[in-house]
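**Student:** Please read through the structure below; I'll follow up with questions.
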Amino acid sequence: MPCYRCGARQTDPVRGASPWKRGVRHEAQVLVCPDCQRAPDLDLDACATCTSTTLICRLGEVECRACGLVRLAQASSPGTPDLSALSAEVEAALNRVLGRK
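So this is what it looks like as structure tokens:
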């Protein structure tokens with residue numbers, strides 16, 4: 008997944024923690040490269056409780072890593088996958104791989 012701001016691709020990291028930052032923008036998980044992290048306004052979604060931008064998005068939920076608040080992602084936002092369509096794609100792929108009809 009490229010940086011959402013500049014499009015740079017993440018390369019294999021050296022030992023240790025990755026310098027790339029995860030965030031949520033318009034209810035979708037994004038990555039921010041080290042260069043873009045220096046920008047004054049990353050335009051990331053913020054937690055409604057503590058205003059932190061250390062959010063992660065997974066399986067239709069958004070979780071704040073700072074305060075632990077978990078809420079449902081808003082399905083109508085752009086960039087949010089249609090989970091029923093995703094489920095159908097996964098089922099079709101499994102059927103192909105496993106030889107099911």
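If you read the sequence shown in my numbering, its first letter stands for residue 8, the second for the next number, and so on. Built from N, CA and C at the ideal position, the CB exists for glycine as well.
1. Apart from the five residues on each side of it in sequence, which residues of its chain come closer than 8 Å, Cβ to Cβ, to Ile63?
2. Is the beta carbon of Ala15 closer than 9 Å to that of Cys40?
3. What are the start and end residues of the beta strand (DSSP E) that includes Lys28?
4. How should Glu98 be labelled, buried or exposed, when 16 other C-beta atoms within 10 angstroms of its C-beta is the threshold for buried?
5. Given a cut-off of 9 Å on the beta-carbon distance, is the pair Gly60 and Leu76 in contact?
6. If you draw a straight line from the C-alpha of Gln81 to the C-alpha of His33, how long is it?
7. Report the option in Arg65, Val21, Cys43 whose CA atom is closest to the CA atom of Pro9.
8. According to DSSP, simplified to helix, strand and coil, what is Ala35?
9. Note down the Cα distance separating Gly67 from Trp27, rounded to an integer number of angstroms.
**Tutor:** By the coordinates alone:
1. Excluding five sequence positions before and after Ile63, the CB atoms of its chain that fall closer than 8 Å to its own CB belong to Arg29, Val31, Gln36, Val69, Glu70, Arg72, given in chain order.
2. Yes, the Cβ-Cβ distance between Cys40 and Ala15 is below 9 Å.
3. Run containing Lys28: 28 to 32, per the beta strand (DSSP E) assignment.
4. Under a 10 Å Cβ-count criterion, Glu98 is classified as exposed, with fewer than 16 other Cβ atoms of the shown protein chains found around its own Cβ.
5. It should be pointed out that residue 60 corresponds to Thr in this sequence rather than to Gly. The answer is no: Cβ separation not under 9 Å.
6. Straight-line spacing of the CA atoms in Gln81 and His33 works out to 9 Å.
7. Closest by alpha carbon: Cys43.
8. Correct three-state label for Ala35: strand.
9. Annotation: Gly67 to Trp27 spans about 23 Å, alpha carbon to alpha carbon.
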